[in-house]
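Asker: I have a structure here, written as structure tokens, and I will follow up with some questions on it.
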Amino acid sequence: MKVIVYLVFFALGVLSLRKRWAYITFVVLGLLYFPVSVAFRLNPQPCELSLNSALATHSLGNYVAHHSVCAVLYYECGAISFGSLVGVWLGRSGSNYNGHPGGNRGGYHRQP
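Using this note's numbering, you'd call the opening residue of the sequence shown number 3 and step up by one each time.
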């Protein structure tokens, strides 16, 4: 049953790149997935407000997983920022991505 649910989410995720209704459906079903998976039997637990050795040991056990996810996200944000800076630089320099310098102000560039 879970395979069908994952396939539906995957299909909606792909469709949401083109269709607005698929994106809205994807978000709504994504928000409802966790309550439905526990049959709406939510069991909130109180927060631990004091720091003790058992909690610190448990938190440090998640060290590798959390830091690897943060490293991947940091790398992706850096790549996006670098791509944006390159785009701004090419736009400001007047290059038209074909290796021809200059502004191409008339909208027409004669190929040599």
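Don't be surprised by glycine CBs; every beta carbon is placed ideally from N, CA and C.
(1) To the nearest angstrom, how far is it from the Cα of L9 to the Cα of L31?
(2) Under 8 Å, do L17 and A24 count as touching if we go by C-beta distance?
(3) Can you check which of these residues, F11, R43, H69 and P37, is closest to F28 by C-alpha distance?
(4) Grouping DSSP H, G and I as helix and E and B as strand, with all else coil, what is V40?
(5) Check C49 in the structure and name its three-state DSSP category.
(6) When you compare the CB positions of P50 and L44, do they come within less than 8 Å of one another, or not?
(7) May I have the straight-line CA-CA distance separating L14 from F36, to the nearest angstrom?
(8) Between which two residues does the alpha helix (DSSP H) containing L19 stretch?
Answerer: Result, derived from the coordinates:
(1) Taking the sequence shown and counting its residues from 1, the one referred to as residue 9 is at position 7. Taking the sequence shown and counting its residues from 1, the one referred to as residue 31 is at position 29. The C-alpha of L9 lies about 13 Å from the C-alpha of L31.
(2) Within the sequence shown, numbered from 1, the residue matching residue 17 stands at position 15. Within the sequence shown, numbered from 1, the residue matching residue 24 stands at position 22. Using a Cβ distance threshold of 8 Å, L17 and A24 count as a contacting pair.
(3) Within the sequence shown, residue 28 is the residue found at index 26, counting from 1. The shortest C-alpha separation from F28 is found at F11.
(4) Along the sequence shown, one-based indexing puts residue 40 at 38. The answer is coil: DSSP assigns V40 none of H, G, I, E or B.
(5) For the purposes of this step, residue 49 is identified with residue 47 of the sequence shown, where counting begins at 1. The three-state secondary structure of C49, taken from DSSP, is coil.
(6) For the purposes of this step, residue 50 is identified with residue 48 of the sequence shown, where counting begins at 1. For the purposes of this step, residue 44 is identified with residue 42 of the sequence shown, where counting begins at 1. Before going on, a small fix: residue 50 reads as Glu here, not Pro. No, the Cβ-Cβ distance between E50 and L44 is not below 8 Å.
(7) Taking the first residue of the sequence shown as 1, we reach residue 14 at position 12. Taking the first residue of the sequence shown as 1, we reach residue 36 at position 34. Taking the straight line from one Cα to the other gives about 17 Å.
(8) Start at 1 with the first residue of the sequence shown, and residue 19 comes out as number 17. From DSSP, L19 is part of no alpha helix (DSSP H); its letter is neither H nor E.
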